[in-house]
Amino acid sequence: SVTETVSRFLRQRLGKEIRVRERRAETASVEAWGLAQRGERLRKEALDIRREEPDAALRAFQTADSLAVLAERADSKWPEPKILRGWIAYYRASLAEERHELASEVETAIEHANDALALDARDAEALHLRGRSRYRLWRLRVTADPVTQARLLDDAQADLEAAVEVDPTQANAWYVLSLLSYNRDDNFAAVRAAERAYEADAFLSSHNNSVYQLFQTYYDLEQFPKAQEWCNEGARRFPTEARFSVCQLMMLITPWAEPDVERAWALARAVDTLAPEPLEARMGRMFAAGVLARAGLADSARAVLGTSRAGQDIDPDQQLAAREAVIRVLLGDHDEAVEQLTRYIVANPTHSFDLRSGDLHWWWRPLRDHPRFKALAAESQ
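Residue numbers 13 to 393, in the numbering used here, belong to the letters of the sequence shown in order.
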C-alpha cells in the first residue's frame, strides 16, 4: 500500500517536471517563459477556487490571461502562450451566468487554438484544445441546424484523433474521444478510447475520469462484472468523489446484483456528504429508490422519487427526469417513465432512441412496445 501511494505521488510529480522541461525548451525567451509560468500558476489557482470563490477565480483568470498576452509579445513564435489563453477561456466559461456567454468563451478558446496551430499545425496540445472546445460547443447546441451540429462534432473528432496521432500519450484527448464516441452511441469505440486514455496517462493526471468512463461504457454494454470492477477501482482510489458512490448505486439496480437496501441507503448518504452539487446528491437518492423498487418496496420507492425531483435552477438539462424514468421502468410505471423521458428529450433534442438497430439501451427495453415511447423514438431520429 505504501509503495503504491509513493509510486502515484512520484508519477504525478515527475509528469509535472517533465512537462515543464519540455515547455521550457520551446522558447529562447526567458521573459516569455517566466510570464507564461506565472499565468499557468494563476490558471491552476483559479481552477482550484472557482466553485467556492467564483469572483476571485474570475479575477485570477483575467490576470492569467493578461500575463499570457505579455508572453505572446515576448515571443510571438511560441505557441504555448496562445494555448494557455485558450485553456483560460475554456475553463473561464464555467463561470459564465448565461448560456450565450459560456458559448462565447468556448469560441474564444477555439480562436486561440487556431492561432497556435497557425504557428505549428501539428501541435498536439493545440489540437486537443480545439477538439475539446468544439465538442463542448456541440454539447451546448449553439445552433438548431443539424448539419452545422454534425459538422461541429465531426471536426471535434478529427482534431482529437489528430492530437493522439501526433502524441499518443495525450491521455486527456483520448478521454474526450471516449466521451465523443459515447455520445455517438458507439460504446465499443468509447471503451477503446477510455482504455487508451488510462494506459496513456503515465503521470495519473486524469485517471479518475478514465476509470469512470470505463465503468460507464461497460455498464451500457451490459458487461456488468467489468463495470463493477472499474467502479470498485474508482471507489478505492478516489474515495472523495461522489460519482464512485453513485456508480455503486447504479450497479445495485442491474439484474446482475442483489438489491441490498441497507447498502443503498449507506451509499446515498455518502453521496449526500461528498457531492459538490445538489444535482448529484438527488441522483444518488433516485438510484437508491431503484434499489427499493427491485426489493419490492414500490411505495417507498415512489415516495423517494417524489422528494428527489428538482427545478430548472438545479437541473436545467433534465438529467433527473431521465434517471427517474429508469426507476419508473423498474416499478412498471411505464406511462410515467415515458412522460419523464419526454421532458428529457425536450431539453436534449440531440438525444435519440434507436428502435431499429437493436442497440436500445437495456434501461429502455421494457418500453419497446409502448405506443408513446415508439412515437417518441420516431420523433427523436
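Virtual Cβ for every residue (Gly too), placed ideally from N, Cα, C.
query: Helix, strand or coil at L367 according to DSSP, with G and I counted as helix; result: coil
query: Where V154 sits in the DSSP three-state scheme; result: coil
query: CB contact flag (A80, R97, <8 Å); result: yes
query: Inter-residue spacing [alpha-carbon to alpha-carbon] between L216 and A293; result: In this predicted model, L216 has a pLDDT of only 49, less than 50, meaning its place in the structure is not dependable enough to derive any value.
query: Simplified DSSP assignment, three categories, for W374; result: coil
query: Extent of the continuous alpha helix (DSSP H) to which F250 belongs; result: First-last for F250: undefined, no H or E at that position.
query: K94, DSSP secondary structure in three states; result: helix
query: V203 versus L149: straight-line alpha-carbon distance, rounded; result: 23 Å
query: Local conformation of P271 per DSSP, three classes; result: coil
query: Pairwise C-alpha distance: T181 and A387; result: 45 Å
query: Burial state of K89, where buried means 16 or more other Cβ atoms lie within 10 Å; result: exposed
query: Nearest-angstrom Cβ-Cβ length linking L286 and S257, presumed shorter than 8 Å; result: 6 Å
query: Boundaries (first-last residue) of the alpha helix (DSSP H) holding A128; result: 111-131
query: Secondary structure of Q330, DSSP reduced to three states; result: coil
query: Coil, strand or helix - H382 by DSSP; result: coil
query: Classification of R196 by the beta-carbon crowding that lies within 10 angstroms, buried from 16 upward; result: exposed
query: Contacting residues, own chain, Cβ-Cβ under 7 Å from A156 (five flanking each side not counted); result: none
query: Where P290 sits in the DSSP three-state scheme; result: helix
query: Pairwise C-alpha distance: Y230 and R134; result: 33 Å
query: Bounding residues of the alpha helix (DSSP H) (the contiguous stretch that carries R355); result: 346-359
query: Where S257 falls: helix, strand or coil (DSSP); result: helix
query: Which listed residue (N360, S116, A334, H373) has its alpha carbon closest to that of Q352; result: A334
query: For T39, the nearest candidate out of L343, A310, V118, D87 (CA to CA); result: D87
query: Alpha-carbon spacing of V341 relative to P66, whole angstroms; result: 40 Å
query: Separation of S190 from I220, as counted between CA atoms; result: According to the sequence provided, residue 220 is Asn. The question's Ile does not apply to it. The alpha-carbon atoms of N220 and S190 are separated by roughly 14 Å.
query: Meets three-Cβ-pair contact criterion under 8 Å: the region 375-390 and the region 173-187; result: no
query: Spatial distance of L82 from A125 (CA atoms); result: 17 Å
query: Any C-beta of chain D under 8 Å from that of F365; result: Among the chains in the structure shown there is no chain D, since it carries only a single protein chain.
query: DSSP state of L216 mapped onto helix, strand, coil; result: Any reading at L216 must be qualified, since the residue scores a pLDDT of 49, below 50, and its modelled position is unreliable; the value itself is stated next. L216 falls in the coil class under three-state DSSP.
query: C-alpha gap between N244 and M298, whole angstroms; result: 20 Å
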